[in-house]
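Asker: Protein chains in written order, with our numbering: chain A, 1 to 371; chain B, 372 to 655. Each residue gets a CB set at the ideal place from its N, CA and C atoms; glycine is no exception.
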């Protein structure tokens, strides 16, 4: 069927279909990419008074001498320490969700759902009347959660786990800003009650107002504004990130991976008398290795660009710059110092790091697949 | 033995319920606080003693702030409209352009097709940060800063959407096109009457992804919007915090109104969404 005339016609038709998308791709993708590369070698500025001049590698040289750049790179890398926690948590949740959740006796399911609803609503009502509304609220929520859980099993649990990821954005960041309030935030209020209960007189963490960090015991350079060992703003952002990511897409990808593991592997392990711990480490975990590899690389690529919304909405990059990440630095260089050329140079250094990772991903990722 | 197994299942449920409640507690606190009067915000109780549902009316500018006796300076209802309006346009345009491009990349044979597609794919790994500064300059030159068009246009094209739709369309057997072609249909007819109806599950997935992503997007509107009447919810919440940062109960009422529709959307559409994420395995 392939004749030159037909080829030419196809070419024209294909381009008609492609044109709208291609124009957008050109104007908002390719052109800005080249512009930012070119701009990083100039004095490109939003200030009209600054003339546009070619300055060679000046921006890059300045960048490599910029002590703050290394500080912010450290912050970015430090925040990424939440990644292994989130991935391990996502794997745990996926394995838990993948367990058998339906009862052998079919009447138990509606029975327990009804019981949970009655007990939940009933005790909530009693507590409400007796003047403990907060406890009533929690019990009501528990009642609703368990009723739905017994009725719909893993689908409903998956929904609850996924909600923090799905709603992630400015609103949840503001919500956590309030939760972290050192005086009346939910987290420190709860901690104080726990401390009181055990009779200890520890100080509650300062969270978003503190420069402490879990690596604060290390002899870091002075301009890293190290506040010593403890829980500070970076831990707060990390914890919020783990909450948002643990039941998110990583968990869903693990669930898909789990359903693709051939059941006969487990049957063979059962014949050999393997414990569930051995089954996990010798079958489940190796079988999920491609997923783990994929989510790790994607997580690192995302993490290198991360921390912007948190810095802008929660901390303005502070206290003392400890929550300023590379992405927030690019933003402040461009839109606060109006120095687009320098911002573009930072962005390109970041891009090269991501590029190296992506290429490593392709190389090692494809090797893993062929194993 | 059977009873032991049933108990084990019950135990699994209890573990799941515990984990689920831990994920949900921040939302419970959010809803509780949104009903508190200002004087109760600093108390540890999750619920107010004296509920003040007027907080919602205050945020929606239906009632004055009881402390200043004035209406808020912020136009939350307008932000809501802006977010929906911009996200709806972006979604419609992006799904349309992505489907058209995906058709060219999957159903028509032409020279350089796969090379160009590879170029598309490779742009997916360019960080948005690299493009942000020059894109802003381009919008300045086009005179689109601080306009709806400036918010919509750059988001209306997507390599990811093209990729996702192409993957879906590749799964449609070629014989459908050939049958339609024998009946005398041209490419436009094949696209509209054969491929698009068959690619519907993919389009629904892309629609939700795009809509959600844009509804929640923060970066681009932050640099594009200067005036209050153009703010979308995420940007509006930022100014809300800087102006009324002490009034936690109002901020929480605003966040509830942002988050609850998302929860409803997710619960109703979750089947398609989960399948889409697991199939695409891409979007972060």
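I'd like the ranges of any alpha helix (DSSP H) spanning at least 4 consecutive residues and lying wholly in the segment 423 to 469 of chain B.
Answerer: Runs found: 425 to 430.
Asker: Would residue 587 of chain B and residue 527 of chain B qualify as a contact pair, given that the criterion is a beta-carbon distance under 8 Å?
Answerer: Not closer than 8 Å, so no.
Asker: Among A:245, A:283, A:244, which one has its Cα closest to the Cα of residue 263 of chain A?
Answerer: Ranking the options by Cα distance to residue 263 of chain A, first place goes to A:283.
Asker: Would you verify that the beta carbon of residue 535 of chain B is, or is not, closer than 8 Å to some beta carbon of chain A?
Answerer: No, its Cβ sits nowhere closer than 8 Å to a Cβ of chain A.
Asker: Return the residue from the list A:295, A:90, A:110, A:321 that minimises the CA-CA distance to residue 209 of chain A.
Answerer: Here the closest residue by C-alpha is A:321.
Asker: Quick check on residue 356 of chain A - is its C-beta less than 8 Å from some C-beta in chain B?
Answerer: Not one chain B Cβ lies under 8 Å of residue 356 of chain A.
Asker: Hey, residue 92 of chain A and residue 117 of chain A: beta-carbon distance below 8 Å or not?
Answerer: Against a cut-off of 8 Å, the Cβ pair of residue 117 of chain A and residue 92 of chain A comes out as no contact.
Asker: Please name the residue or residues paired with residue 42 of chain A in a DSSP beta bridge.
Answerer: Paired residues: A:54.
Asker: Less than 6 Å between C-beta atoms, sequence neighbours within five positions excluded: which residues of the same chain meet that for residue 164 of chain A?
Answerer: Hits under 6 Å: 243, 244.
Asker: DSSP has residue 276 of chain A in a bridge; who is on the other side?
Answerer: Residue 276 of chain A is not bridged to any residue.
Asker: Nearest-angstrom Cα distance between residue 356 of chain A and residue 362 of chain A?
Answerer: Rounded to the nearest angstrom, the two C-alpha atoms are 10 Å apart.
Asker: Tell me which residues of the segment 146 to 161 of chain A have at least one Cβ-Cβ distance to chain B shorter than 7 Å, keeping chain order.
Answerer: From the segment 146 to 161 of chain A, only 146, 149, 150, 157, 159, 160, 161 have a Cβ closer than 7 Å to chain B.
Asker: Would the beta-carbon of residue 424 of chain B fall within 8 Å of that of residue 406 of chain B?
Answerer: Yes, the Cβ-Cβ distance between residue 424 of chain B and residue 406 of chain B is below 8 Å.
Asker: For the segment 561 to 582 of chain B, enumerate the residues whose C-beta is nearer than 9 Å to any C-beta of chain A, in chain order.
Answerer: Residues passing the 9 Å Cβ filter: 562.
Asker: Cutting at 8 Å between CB atoms, please list the residues of its own chain near residue 371 of chain A, excluding the five before and the five after it.
Answerer: With a pLDDT of only 37 at residue 371 of chain A, under 50, the local geometry of the prediction cannot be trusted, and the value read off the model is given with reservation. Nothing listed; no residue qualifies.
Asker: Does the beta carbon of residue 363 of chain A sit closer than 8 Å to a beta carbon anywhere in chain B?
Answerer: For residue 363 of chain A, the answer is no, since every Cβ of chain B falls outside 8 Å of its Cβ.
Asker: Can you tell me whether residue 549 of chain B is buried or exposed, with buried defined as 16 or more other CB within 10 angstroms of its CB?
Answerer: Counting Cβ neighbours within 10 Å, residue 549 of chain B comes out exposed, since fewer than 16 surround it.
Asker: If we call anything under 8 Å between Cβ atoms a contact, is residue 86 of chain A one with residue 250 of chain A?
Answerer: Yes, the Cβ-Cβ distance between residue 86 of chain A and residue 250 of chain A is below 8 Å.
Asker: Residue range of the alpha helix (DSSP H) that residue 8 of chain A falls in?
Answerer: It spans 4 to 25 - the alpha helix (DSSP H) in which residue 8 of chain A sits, taken as one unbroken run.
Asker: With a cut-off of 8 Å, does the C-beta of residue 452 of chain B fall near any C-beta of chain A?
Answerer: Residue 452 of chain B does not count as touching chain A.
Asker: Leaving out five residues on either side along the sequence, give the residues of the same chain with a beta carbon under 6 Å from the beta carbon of residue 113 of chain A.
Answerer: 147, 150, 151.
Asker: If residue 351 of chain A sits next to residue 592 of chain B, beta carbons under 8 Å apart, how far is it from one beta carbon to the other, in whole angstroms?
Answerer: Not quite, the Cβ-Cβ distance comes to about 23 Å (not below 8 Å), so this is no contact.
Asker: Counting pairs of Cβ atoms below 8 Å between the segment 307 to 314 of chain A and the segment 224 to 243 of chain A, do you hit three or more?
Answerer: Touching, yes.
Asker: Assign residue 88 of chain A to one of two classes, buried (16 or more other C-beta atoms within 10 Å of its C-beta) or exposed (fewer than that).
Answerer: So residue 88 of chain A ends up on the exposed side.
Asker: Can you give the Cα-Cα distance for residue 613 of chain B and residue 139 of chain A, rounded to whole angstroms?
Answerer: The alpha-carbon atoms of residue 613 of chain B and residue 139 of chain A are separated by roughly 35 Å.
Asker: Enumerate in chain order the residues of its own chain whose CB-to-CB distance from residue 185 of chain A is below 8 Å, with the five nearest sequence positions on each side excluded.
Answerer: Taken in chain order, the residues that qualify are 178, 179, 207.
Asker: Contact defined as beta carbons within less than 8 Å: I believe residue 389 of chain B pairs with residue 472 of chain B. What is the distance between those atoms, to the nearest angstrom?
Answerer: 47 Å between Cβ atoms; not a contact.
Asker: Can you tell me whether residue 102 of chain A is buried or exposed? The criterion is at least 16 other CB atoms within 10 Å of its CB, across all chains shown.
Answerer: Exposed is the call here.
Asker: Using the Cα positions of residue 412 of chain B and residue 383 of chain B, report the straight-line distance between them to the nearest angstrom.
Answerer: Straight-line Cα distance between these residues: approximately 36 Å.
Asker: I need the straight-line Cα distance from residue 403 of chain B to residue 302 of chain A, nearest angstrom please.
Answerer: Roughly 33 Å between the two C-alpha positions.
Asker: Do you know how far the Cα of residue 201 of chain A is from the Cα of residue 646 of chain B?
Answerer: Roughly 50 Å between the two C-alpha positions.
Asker: Kindly provide the ranges of any alpha helix (DSSP H) runs that are 4 or more residues long and lie completely inside the segment 609 to 651 of chain B, ordered along the chain.
Answerer: Qualifying alpha helix (DSSP H) stretches, in chain order: 619 to 651.
Asker: So what does DSSP say about residue 653 of chain B, is it helix, strand or coil?
Answerer: Confidence in residue 653 of chain B is poor, its pLDDT being 44 and thus under 50, which makes the residue's placement too unreliable to answer from.
Asker: I need the straight-line Cα distance from residue 576 of chain B to residue 453 of chain B, nearest angstrom please.
Answerer: Rounded to whole angstroms, residue 576 of chain B to residue 453 of chain B spans 23 Å at the Cα level.
Asker: So which of B:555, B:393, B:572, B:627 has the shortest CA-CA distance to residue 656 of chain B?
Answerer: Outside the displayed span of chain B (372 to 655) sits residue 656 of chain B, for which this structure offers no information.
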